[in-house]
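Trainee: I have a structure here, written as C-alpha cells, and I will follow up with some questions on it.
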Amino acid sequence: MNRKNLQPDVYRDIITSRRSIRQFKNAPVPRDVIEQVLDLARYAPTASNDQNVGYIVVTDKHLIEETANTIFGFTHRKKPGSRPTTATLPQQPSSIMLMLLVWELV
Numbered sequence: 307m308n309r310k311n312l313q314p315d316v317y318r319d320i321i322t323s324r325r326s327i328r329q330f331k332n333a334p335v336p337r338d339v340i341e342q343v344l345d346l347a348r349y350a351p352t353a354s355n356d357q358n359v360g361y362i363v364v365t366d367k368h369l370i371e372e373t374a375n376t377i378f379g380f381t382h383r384k385k386p387g388s389r390p391t392t393a394t395l396p397q398q399p400s401s402i403m404l405m406l407l408v409w410e411l412v
C-alpha cells in the first residue's frame, strides 16, 4: 500500500476498526510480532522529529505485575466509583513501556 495513494475508504476502515483491548489471552506474544510492533512504532511522530524515545519489552509476568503496581498503582481509581484505568496491565502477556528521554533546556 502506497501512502500517497491511500484511498479514503481504506483510511476510514483503518481508523474505524481501531479498538482498545482490555482482555488478553494467557499466551506469550511471539518475539517476531513484538519486533514488528516496535518497528512500526518508529513511524510515530515526535516533537521536531527528535525521535528521542526508547522501548523496554517486559515479558516476565512477575515483573509486569510489580511494575504495574509500582508505577501505575496510584491511577487504579481516579475518584470513588470510577473505572480502573490500568487494572488489566498485570494480566497482559507482555508489555511495552515507552521511555521518554528528558532533555535539558539551556
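In my numbering, the protein residues as written are 307 to 412. Cβ coordinates follow ideal geometry from the N, Cα and C atoms, glycine included.
#1: Using 8 Å as the threshold, is the segment 361 to 373 in touch with the segment 334 to 353, meaning 3 or more CB pairs across them?
#2: Kindly indicate which three-state DSSP category V335 falls into: helix, strand or coil?
#3: Would you grab the beta carbon distance between L344 and Y361 for me? Rounded to a whole angstrom, and I think it's under 8 Å.
#4: Start and end of the alpha helix (DSSP H) containing P314?
#5: Per DSSP, what kind of secondary structure is A353 in: helix, strand or coil?
#6: Would you tell me roughly how many angstroms separate the C-alpha atoms of G350 and P334, rounded to the nearest one?
#7: Quick check on DSSP: helix, strand or coil for D345?
Mentor: Working from what's here:
#1: Taking 8 Å as the limit for Cβ pairs, the verdict is that the segment 334 to 353 does touch the segment 361 to 373.
#2: Of the three classes helix, strand and coil, the one that applies to V335 here is coil, per DSSP.
#3: Taking 8 Å as the upper bound for CB-CB distance, L344 and Y361 are in contact here, some 6 Å apart.
#4: Boundaries of the alpha helix (DSSP H) around P314: 314 to 322.
#5: DSSP places A353 within a helical segment (H, G or I) once states are collapsed to three.
#6: The amino acid occupying residue 350 in the given sequence is Ala; Gly does not appear at that position. A straight-line Cα-Cα distance of about 25 Å links A350 and P334.
#7: Helix, per DSSP.
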